[in-house]
Amino acid sequence: MEIWRWAFVLMVISAFGYGIGAEQLPQPHQTERISGSAGDVLEDNPVGRLKVFVYELPSKYNKKILQKDSRCLTHMFAAEIYMHRFVLSSPVRTLNPEEADWFYTPVYTTCDLTPNGLPLPFKSPRMMRSAIQLISSNWPYWNRTEGADHFFVVPHDFGACFHYQEEKAIERGILPLLQRATLVQTFGQRNHVCLKEGSITIPPYAPPQKMQAHLISPETPRSIFVYFRGLFYDVGNDPEGGYYARGARAAVWENFKDNPLFDISTEHPTTYYEDMQRAVFCLCPLGWAPWSPRLVEAVIFGCIPVIIADDIVLPFADAIPWEEIGVFVAEEDVPHLDTILTSIPPEIILRKQRLLANPSMKQAMLFPHPAQPGDAFHQILNGLARKLPHGKDIYLKPGEKSLNWTAGPVGDLKPW
Ligand SMILES: *[C@@H]1O[C@H](CO)[C@@H](O)[C@H](O)[C@H]1NC(C)=O
Ligand SMILES: *[C@@H]1O[C@H](CO)[C@@H](O)[C@H](O)[C@H]1NC(C)=O
C-alpha cells in the first residue's frame, strides 16, 4: 500500500522538474530562497570585512608536497590546497601583516597518500609543529596571541586530532599548539574533543567540473525513492562489526536490502551522479567519520539528504538551513527508515526540493576554480569575518605564555 501511495507521489514530484547547478537556473517557481537571516548570511560578501595575511612558507610545506602526488588535488581533503590558491588572489588578502585581521599558514597536512589514495596523517602533527615554529620565530605575530588570530585548514577525518581511527583521534586530542587558533575543518560532531568551539565546519571537497559534466536534464523524473551506494560493512578494518558507522550502515542493509523502495548497493556504478538526480532521497549515513562527500553530492544533485549521524555538525550551519533541506534520522531509528520517509507529506518534500534547487545553496558546497561569489571559499571568509573584531583578550601580556610546546605524544616532538 505504501508503495502504491509512493508511486503516485513520485509521479507528482517528477512532474515539477528541477534545476541543477548555477548553469541551468531553475525557473523562479521551482526554487525558493531561504527567508530571513540565514539567506542573507549565505549571500554575504566577505570583501571589505576582513583582511588576511598569508605567511610565505618554504615550498616543502605545500607546493613541493603536491608536486610529488597530484592526486591530492582531487581527493576529498583537497580544500587545504584550493583555499591556499584562492586566498593568494583574493581581494581580502593583505601584504601588510600590520593591518591583518587573520593570519593564514598554508600547510598541506593531508597530502600524504597510500597507493589506494587514503591519506596518512602520521607526519601531520610534526609538519604542523614545524610550520608554527617557523612562523613564530620569523614573524612577531604568533607570539603576540599564540595563534588566537591565526586560522588553519585541517580537512582530515578528525581535523587537528590527526588520526583516522576515532578512538586514537580522541586519545590524541587537538594538537596542543593549535589550541588557541581557529580551525577550518570538515569534521563536525557536537561535544567531541576533535571539534573545538569556534571552529568553522566546511564541506569536503567534491570536484565541481566532474559533477557538472554529469548533469542530466532537470526534467528527468525522480523515479528512485531512496538511493545509496557505498559500504555497509568494513570487514577489513572492523572484522567483528559494530564499530564501522556504529552499525548504522549495517542496519540499513539488513533492514532494507529487499525493500523495493530502496535502491542500495555496494556497487559504485558509472551512472552514480545521474542516479542521484533520479532519486528523491539520498542516504548520507556516517562512516568512520560522521561526514562524507555524499552530502555535497546530494545538494548539488537536488536529492534530499537523509542524514544519519547523531550529533553531526554540518558545514556552514549558520548559513545553510540543514533542518529545512534535509531529513535527520537518529542512528537507532534506522530500522524504521521506510516508515519515516514514506510518512513525510509530499508538500514538505516539494519544499525541500525547491530549497535545494536554490543555486546559492549548491554554490556554498563547492570549491570551484576560478572561485565564484557565494562559494565555499566565500563562506569560510564570511565565517572568519563574523568572528571580528577580535576581543582584546586575545593578546598576551609581555612574557605571558599559554601554550605548552612539549605537550602531546612524544613522537610528535621529533623534528619534521
Ligand atoms: C617567540 O617566542 C619564542 C619562544 O617563546 C622565541 O623563541 C621566538 O624567538 C619568539 N619570536 C619572535 C619573533 O620574537
Ligand atoms: C608541558 O607538557 C609536558 C608534557 O605533558 C609536561 O610535562 C609539562 O609539565 C608541561 N609544562 C607546563 C608548563 O605545564
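The sequence shown maps to residues -22 to -1, 1 to 394 in mature numbering (1 follows the signal peptide of the UniProt record, and there is no 0).
Just so it is clear, CB atoms sit at the ideal spot from N, CA and C, and this is done for glycine as well.
These figures come from a predicted structure and were not determined experimentally.
Closest Cβ-Cβ distance between residue i and chain B: below 8 angstroms?
i      : result
Arg364 : Checking the listed chains, one finds no chain B in this structure; it contains a single protein chain.
Determine the direct distance from the alpha carbon of residue j to that of residue i, and round the result to whole angstroms.
i           : j      : result
Asp311      : Asn23  : 40 angstroms
Leu292      : Gln341 : 16 angstroms
residue 408 : Leu374 : Only positions -22 to 394 of the chain appear in the structure, and residue 408 is not among them; the question remains open.
Glu58       : Ile194 : 30 angstroms
Phe259      : Glu252 : 14 angstroms
Arg364      : Leu261 : 32 angstroms
Pro185      : His347 : 10 angstroms
residue 461 : Val277 : A question about residue 461 goes unanswered here, because the residues of the chain that appear run from -22 up to 394.
Arg150      : Thr88  : 17 angstroms
Leu20       : Glu301 : 15 angstroms
Thr72       : Leu28  : 9 angstroms
Ile358      : Pro351 : 12 angstroms
Val213      : Glu197 : 40 angstroms
Glu10       : His314 : 30 angstroms
Pro93       : Gln45  : 16 angstroms
Phe345      : Ala354 : 6 angstroms
Val65       : Val25  : 12 angstroms
Trp231      : Ser321 : 21 angstroms
Gln5        : Arg332 : Bear in mind that the predicted position of Gln5 carries a pLDDT of just 37, short of 50, making it too unreliable to give a figure here.
Leu173      : Pro323 : 35 angstroms
Ala335      : Ile282 : 10 angstroms
Tyr86       : Ile43  : 7 angstroms
Asn382      : Phe55  : 28 angstroms
Met254      : Ile303 : 16 angstroms
Arg227      : Ile285 : 12 angstroms
Thr317      : Trp269 : 24 angstroms
Ser201      : Pro238 : 12 angstroms
Ser48       : Trp394 : 22 angstroms
Ser108      : Asn169 : 29 angstroms
Ala308      : Asp289 : 9 angstroms
Lys146      : Val162 : 21 angstroms
Leu153      : Tyr250 : 37 angstroms
Leu328      : Pro299 : 16 angstroms
Tyr60       : Gly176 : 22 angstroms
Ser15       : Arg63  : A caution first: Ser15 carries a pLDDT of 46, below 50, which makes its placement in the model too unreliable to give a value.
Pro376      : Lys370 : 14 angstroms
residue 395 : Pro182 : The requested residue 395 is not part of the displayed model; the chain covers only -22 to 394.
Phe31       : Leu264 : 36 angstroms
Arg112      : Leu91  : The residue asked about is misnamed: residue 112 is Leu in this sequence, not Arg. Computed Cα separation, rounded: 25 angstroms.
Pro217      : Leu96  : 19 angstroms
Going by alpha carbons, who is nearest to residue i out of the options?
i      : options                           : result
Lys280 : Ile372, Leu51, Lys330 and Lys42   : Just to set this straight, residue 280 is Gly in the shown sequence, not Lys. It is Lys330.
Phe366 : Pro196, Thr160 and Ser380         : Phe is not the amino acid found at residue 366; the sequence shown has Leu there. For Leu366, the nearest C-alpha among the options comes from Thr160.
Gln190 : Asp216, Val274 and Thr72          : Val274
Lys379 : Phe294, Val25, Leu155 and Ile318  : Leu155
Thr83  : Ile285, Trp269, Trp120 and Ala335 : Trp120
Gln157 : Arg200, Ala138 and Ile148         : Ala138
Pro36  : Leu96, Ile110, Leu51 and Val132   : Ile110
Ile180 : His141, Ala223, His134 and Glu145 : His134
Phe165 : Ser321, Val284 and Phe140         : Phe140
Gln143 : Asn215, Asp289 and Arg168         : Asn215
Thr248 : Pro263, Ile298 and His192         : His192
Val132 : Pro263, Ile178 and Gln187         : Ile178
Pro99  : Ile113, Arg63 and Phe136          : Phe136
Val171 : Tyr183, Ile148 and Gln187         : Ile148
Phe234 : His246, Val204 and Ala257         : Val204
Ser67  : Arg224, Ala223, His356 and Arg256 : His356
Pro199 : His53, Asn40, Met339 and Arg256   : Arg256
Gln187 : His368, Glu34 and Leu51           : Leu51
Asn360 : Ala297, Lys38, Met343 and Ala287  : Ala297
Any heavy atom of ligand 3 closer than 7 angstroms to the CB of residue i?
i     : result
Tyr33 : Because ligand 3 does not appear in the structure shown, any question about it cannot be addressed here, the ligands present being ligand 1 and ligand 2.
* To do: Kindly provide the chain-ordered list of residues whose Cβ lies closer than 6 angstroms to any non-hydrogen atom of ligand 2.
  => Asn382, Thr384 and Ala385
* To do: State whether the region 75 to 92 contacts the region 116 to 132, with contact taken as three or more CB pairs (one from each stretch) at a distance under 8 angstroms.
  => yes
* Asked: For ligand 1, which residues count as neighbours when the test is a C-beta closer than 6 angstroms to any heavy atom?
  -> Ser114, Ser115, Pro118 and Asn121
* To do: Give a yes or no on contact between the region 234 to 248 and the region 196 to 215, applying the rule of three or more CB pairs nearer than 8 angstroms.
  => yes
* **Stretch pair the region 92 to 111 + the region 376 to 390: three plus CB contacts closer than 8 angstroms** => yes
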